[in-house]
Amino acid sequence: MVAAGEGSMLRTIAITSTILLVGCEARPNETVYLYRSSIAGSPSDRIHVASFDAKDGRAYNEENCMIVRGLMEHQPGVAVGYWCTDDAP
């Protein structure tokens, strides 16, 4: 169940992610991946959340990953860490 106010944040994240991913062309050497830690597993577990591989280059992909990371981390009640890396899943 989503608490009051959280629905709009989730909707914003979904819309932002969709906009960022539309029209993307994969370039493995410029792709940035967003991961999160596991609340139930080992602290070293990582869960792939998103891939940023727009044709506009690594800096663009990294900036967008950091934006989404910030949105995810600032949701109320978030107990996991998020990070961006070029380490493929």
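With positions in the sequence shown counted from 1, the corresponding number in the working numbering is that position plus 78. Every residue gets a Cβ at the ideal spot worked out from N, C-alpha and C, and that includes glycine. These figures come from a predicted structure and were not determined experimentally.
For this session: Would you decide whether Val127 is buried or exposed? Buried here means 16 or more other CB atoms lie within 10 Å of its CB.
Result: The residue given as residue 127 occupies position 49 in the sequence shown. Under this definition Val127 is a buried residue.
Exercise. Closer than 8 Å: is that where the CB of Asp165 sits relative to any heavy atom of the ligand SAM?
Worked result: For the ligand SAM, the structure offers nothing, since it holds no ligand at all.
Exercise. Is the Cβ-Cβ distance between Ser129 and Leu112 less than 9 Å?
Worked result: By 1-based counting over the sequence shown, the position of residue 129 is 51. By 1-based counting over the sequence shown, the position of residue 112 is 34. For the 9 Å CB-CB criterion, Ser129 and Leu112 form a contact.
Exercise. Given Val158, which residues of its chain have a CB within under 6 Å of its CB, disregarding the five upstream and five downstream residues?
Worked result: Counting from one through the sequence shown, the residue named residue 158 turns up at place 80. Cβ neighbours of Val158 beyond the five flanking positions: Arg114, Ser115, Ile117.
Exercise. If you draw a straight line from the alpha carbon of Cys140 to that of Asp131, how long is it in whole angstroms?
Worked result: Residue numbering aside, residue 140 sits at position 62 when the sequence shown is read from its first letter. Residue numbering aside, residue 131 sits at position 53 when the sequence shown is read from its first letter. For the record, residue 140 in the displayed sequence is Glu; it is not Cys. The straight-line gap from Cα to Cα measures roughly 9 Å.
Problem set entry | Distance between beta carbons of Glu108 and Arg136, contact taken as under 8 Å | Translated into positions along the sequence shown, residue 136 becomes position 58. Translated into positions along the sequence shown, residue 108 becomes position 30. Contact holds; Cβ gap of about 4 Å.
Problem set entry | Close Cβ partners of Ala156 (< 8 Å) along its chain, the five nearest in sequence each way excluded | Here residue 156 refers to the residue found at position 78 of the sequence shown. Residue identity differs from the one stated: residue 156 is Val in this sequence, not Ala. These residues qualify, in order along the chain: Met150.
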